[in-house]
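**Q**
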Amino acid sequence: MKPGAALAVHNISEGNESKMQSIMNKHNLNWQTWLKNGDQYLKAATPKGTKSRFGADIRYNLLSMSLEGYIMAILDFHHNLPDNHTYFDLIYGLERVMPIDETLKKRILQYENIQSICSIEKYYRCDPTEEALKDLKGAITEISMMAHKTCDPVSSQTNN
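Here it is as structure tokens:
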């Protein structure tokens, strides 16, 4: 052991645990990755000013991944996980850590069965309508605002 190494270990055990934990948390923030992914998937699903190069089914999947990203950011921020990654399980997980408007919840859950690919009971797919995609995007934008409001204040503090 190098000289001073025992002292360093002793200092950590004598009250610097919170400082060490802070350093570890700063470099291991999964919620930041989830939040960034949510933003990127939402942007890819809904390009500004141009027609999307993706069909309705791909845009639905991108919107779904952005929803997952935002909700997982909030859940990870609160050290929580959903039971599964279906719309229902993500929303249910979100409700465990914060209130969600009942209308917003219903708006999102009505689109879960467009593609039930994460369901353990059944597998089903159909093409979403443009109206459904527009409404789903609006609902996910609201979830995005919730995620940024929850996580961004901490994010800006940890980047200093």
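Numbering follows our numbering, in which position 10 of the sequence shown is assigned residue number 1232; successive positions increment by one, without gaps.
Cβ coordinates follow ideal geometry from the N, Cα and C atoms, glycine included.
1) Let's test the definition: count the other Cβ atoms within 10 Å of the Cβ of Pro1269 and tell me whether it reaches 16, buried, or not, exposed.
2) With DSSP collapsed to three states, give me the class of Gln1332.
3) For the alpha helix (DSSP H) containing Met1320, list its first residue and its last residue.
4) When you compare only the Cα positions, how much space is there between Asp1311 and Leu1326?
5) If Ile1293 sits next to Leu1316, beta carbons under 8 Å apart, how far is it from one beta carbon to the other, in whole angstroms?
6) Use the C-beta contact count for Met1367: other C-beta atoms within 10 angstroms, 16 or more gives buried, fewer gives exposed.
7) Quick check for students: name the residue ranges of the alpha helix (DSSP H) that lie wholly in the region 1261 to 1301, counting only runs of 4 or more.
8) Compare the C-alpha of Leu1331 against each of Leu1284, Asp1298, Thr1308 and name the closest.
9) Excluding five sequence neighbours on each side, which residues of the same chain lie with their C-beta closer than 6 Å to the C-beta of Met1287?
**A** If we stick to the structure as given:
1) Pro1269 is exposed by the Cβ-count criterion.
2) When DSSP states are grouped into helix, strand and coil, Gln1332 belongs to the coil group.
3) In the DSSP assignment, Met1320 falls outside any alpha helix (DSSP H) and carries neither an H nor an E.
4) Separation of Asp1311 and Leu1326 (C-alpha to C-alpha, rounded to the nearest whole angstrom) is 15 Å.
5) Contact between Ile1293 and Leu1316 holds: CB atoms are separated by about 5 Å, below the 8 Å threshold.
6) Around the beta carbon of Met1367, fewer than 16 other beta carbons sit within 10 angstroms, so the residue counts as exposed.
7) Fully contained in the region 1261 to 1301 are the following alpha helix (DSSP H) runs of length 4 or more, in chain order: 1278 to 1299.
8) That would be Thr1308, whose Cα lies nearest to the Cα of Leu1331.
9) Around Met1287: Tyr1263.
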